[in-house]
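Peer 1:
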Amino acid sequence: MTFTSTSRTDWTRSDIYHNSFLIPPNNALTTALKLSEKHELPPYAVSEAQGKFLNLLTQSIRARRMLEIGKLGG
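Heads up: the sequence shown begins at 45 in the numbering used here, then just goes up one per residue.
1) Counting beta carbon pairs with one atom in the region 93-103 and one in the region 58-68, are three or more of them shorter than 8 angstroms?
2) Rounded to whole angstroms, what is the Cα-Cα separation between alanine 89 and isoleucine 105?
3) CB-CB under 8 angstroms to leucine 66, same chain, minus the five flanking residues each way: which ones, in chain order?
4) Pull up the distance between the alpha-carbon of proline 69 and that of serine 49, whole angstroms please.
5) If you follow the alpha helix (DSSP H) that glutamate 92 is in, where does it begin and where does it stop?
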């Protein structure tokens, strides 16, 4: 088996591609991201696709509670 190393650019391109047809625009998220940038928060937010995946995981196990650490402003 051959392992191919990936870069941040590869993951960014993947997110852009998948988001283009899987995730519709979200005004609340867009506003939160703009406000985070305006207030100069570091860009540490997870991507929309990662957030949707986390949502899918919590729903699939019927989680009643979830603890998320490190979201910063979004």
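Glycine included, C-beta positions come from ideal geometry on N, C-alpha and C.
Peer 2: Straight from the coordinates:
1) yes
2) Between alanine 89 and isoleucine 105, the C-alpha separation is close to 24 angstroms.
3) If we look at leucine 66 and ignore the five residues flanking it on each side, its Cβ neighbours are Ala93, Lys96.
4) 31 angstroms
5) 92-104
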